[in-house]
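27 is the number of the first residue of the sequence shown in this note's numbering; add one for each residue after it. Worksheet for the structure shown next.
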Amino acid sequence: MDYTDDNYFLTKRLVKGDEKAYEYLMDTYYQRLCSYAYTLTNDHGKAEDIVQNVFVRVWTKRKKLNPSFLIKNFLYKAVYNEFIDEYRKNKSVLYLEKKYLEAIDIAVENEQDNLEEIIMLVNLEINNLPPKCRRIFLLNKKEGLTHTEIAEHLGISIKTIEAHMTRAFKILEKKLGHKYETIFFLACNPKLR
């Protein structure tokens, strides 16, 4: 079947699970999307990973495809969004690695101050936060939930989550002082205790 001129027909076939339509989609766009992803990543391996993730997602969520949108535009936008998601993940991993190393430095510097006492102090001050503020702080820092996930879980706005997180950090910084900022990483990471 030739899908070249009929975006609507191609998308309808994809929605219905037509594997030939999916093969056509991959044959037509895979290399182009890899080239586009490469311009974003400057890394062939990452570019291919991004495009493969997009195609997997297109297939698994094919029933949500809208035939009135151009599939080509959708694919390019999906590749861009996947790149942004990967960038954010890598950025937050680098941030966490940096915080971990800072926390380890503090731990080494404060070995004589008894690291366990410091962590207990941080945990005590976290427990002294106002109840809703504490819950949101722990969901974010201990459970690793994003602000969006917490908002959905608790049924409140992201702005409310951000306000509680800001309040928690201000209270903790006031109680503990700026020098213990990175020790939050150790205190809030159950794998390290």
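Backbone N, C-alpha and C fix where the C-beta goes; we use that ideal spot for every residue, glycine too. Quantities reported herein were computed from a predicted structural model and do not represent experimental measurements.
- Sorting Val105, Lys42, Thr172 by C-alpha distance to the C-alpha of Tyr64 places Val105 at the top.
- In this structure, DSSP gives Leu96 a state outside helix and strand, which the three-state scheme calls coil.
- Using a Cβ distance threshold of 9 Å, Tyr102 and Tyr62 count as a contacting pair.
- For Asn33, the CB contacts under 6 Å within the same chain, skipping 5 residues up- and downstream, are Leu96, Ile97 in chain order.
- Here Lys158 carries a helix assignment [DSSP, helix/strand/coil].
- Only residues of its own chain outside the window of five on either side were considered, and among them Val41 have a CB closer than 6 Å to the CB of Lys89, listed in chain order.
- Nearest Cα to Leu59 within the set Gly43, Asp44, Glu45, Asn79: Asn79.
- The segment 155-170 and the segment 182-196 touch, with three or more beta-carbon pairs separated by less than 8 Å.
- Check the Cα spacing between Glu74 and each of Glu108, Ala177, Leu165: the tightest is with Glu108.
- In the DSSP assignment, Thr37 falls within the alpha helix (DSSP H) that extends over 33-41.
- A direct Cα-Cα distance of roughly 8 Å separates Val148 from Leu198.
- At a Cβ-Cβ threshold of 9 Å, Asn153 and Lys201 do not count as neighbours.
- Annotation for Ser183: no alpha helix (DSSP H) segment contains it, and DSSP assigns it neither H nor E.
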